[in-house]
Amino acid sequence: MSNVLTKVFLVLLLLKLSTNSNASKAARNLAFSLSYMNLTYGEKDIFSEFKYKFYNEKRKVKIVIEFKVKENVTSYDLHSSIDLLRGDDSRLNLMKVPVNGCQLGKLGTIANSMLGVFFRELRRISNLPLRCPLYANKLYYLRNYTINPDSFPPITIPMQWILTIQIFQKKNYVGTLYFHGKFYIV
Numbered sequence: 002m003s004n005v006l007t008k009v010f011l012v013l014l015l016l017k018l019s020t021n022s023n024a025s026k027a028a029r030n031l032a033f034s035l036s037y038m039n040l041t042y043g044e045k046d047i048f049s050e051f052k053y054k055f056y057n058e059k060r061k062v063k064i065v066i067e068f069k070v071k072e073n074v075t076s077y078d079l080h081s082s083i084d085l086l087r088g089d090d091s092r093l094n095l096m097k098v099p100v101n102g103c104q105l106g107k108l109g110t111i112a113n114s115m116l117g118v119f120f121r122e123l124r125r126i127s128n129l130p131l132r133c134p135l136y137a138n139k140l141y142y143l144r145n146y147t148i149n150p151d152s153f154p155p156i157t158i159p160m161q162w163i164l165t166i167q168i169f170q171k172k173n174y175v176g177t178l179y180f181h182g183k184f185y186i187v
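Mapped onto the working numbering, the consecutive letters of the sequence shown carry residue numbers 2 to 187.
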């Protein structure tokens with residue numbers, strides 16, 4: 002039972018990633034960095050262009066993603082997974098979340114939902130449409146998505162994690178975005 006409670010606590014802690022908590026405005030000695038970001042392609046390549054980069058700057062991270070699709074995309078799914086890395090390099094899976102990409106706009110309107118907070122922030126910094134289709138040769142972007150350690154609760158501890166986002170179109174595997182980051186004390 003305590004393992005389940007630990008997982009629930011850690012999931013809530015990591016989902017706090019995209020919220021802007023005003024509970025603690027005092028200076029903190031917690032920092033966040035991203036050490037790795039990559040896209041691996043599957044058998045079905047829907048992208049005519051896919052660029053990504055990240056910047057570690059002063060305790061926080063900014064992420065930029067830009068892409069174009071080859072043809073109109075009328076449906077796609079995102080399967081996200083967050084794992085904590087333990088000291089022995091084993092992983093503790095905190096959560097797996099499948100999302101219909103064509104309903105990202107609806108998810109941003111869910112009141113009192115941690116996922117709703119994440120998707121509202123995603124909408125704020127991107128030009129992704131509220132619903133499908135994604136149009137061919139149109140540039141879509143997420144610009145300056147900022148991950149700030151001050152938006153996490155004061156009890157956040159140093160940890161390493163891996164976020165994977167698998168992309169599917171009509172049940173066909175398109176690719177996986179990998180993010181490897183950590184919280185650390187400065």
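For each residue, glycine too, the CB sits at the ideal point set by N, CA and C. Given the structure is predicted, the values throughout are model-derived calculations rather than measurements.
In the DSSP assignment, E67 falls within the beta strand (DSSP E) that extends over K61 to V70.
The segment 136-152 makes contact with the segment 56-64: 3 or more CB pairs, one atom from each, lie closer than 8 Å. If you look at Y136, you'll find it isn't in any beta strand (DSSP E); DSSP assigns it neither H nor E. For the set Y174, I168 and I148, the Cα lying nearest the Cα of F55 is the one of I148. Here L31 is near F184, since their CB atoms are less than 7 Å apart.
Linking S82 to I163 through their CA atoms gives a straight-line distance of about 8 Å. Between the alpha carbons of F48 and C103 lies a gap of roughly 17 Å. Remark: C-beta atoms of V74 and P134 approach each other more closely than 7 Å.
The straight-line gap separating the alpha-carbon atoms of P150 and R124 is approximately 21 Å.
DSSP, reduced to helix, strand and coil, places I166 within a strand of the structure shown.
L85 and L95 do touch by the CB rule: their CB atoms are close to 6 Å apart, below 8 Å. In the DSSP assignment, S76 falls outside any beta strand (DSSP E), carrying neither H nor E. Between Q170 and Y77, the alpha-carbon positions lie close to 4 Å from each other. Here the alpha carbon of S127 sits roughly 23 Å from the alpha carbon of S36. A residue is called buried once 16 or more other Cβ atoms fall within 10 Å of its Cβ, and E122 is buried on that count.
Secondary structure at L123: helix, using DSSP grouped into helix, strand and coil.
Taking all protein chains in view, the Cβ of V175 is crowded by 16 or more other Cβ atoms within 10 Å, so the residue is classified as buried.
Here L105 carries a helix assignment [DSSP, helix/strand/coil].
In the three-state scheme derived from DSSP, where H, G and I count as helix and E and B as strand, P99 is classed as strand.
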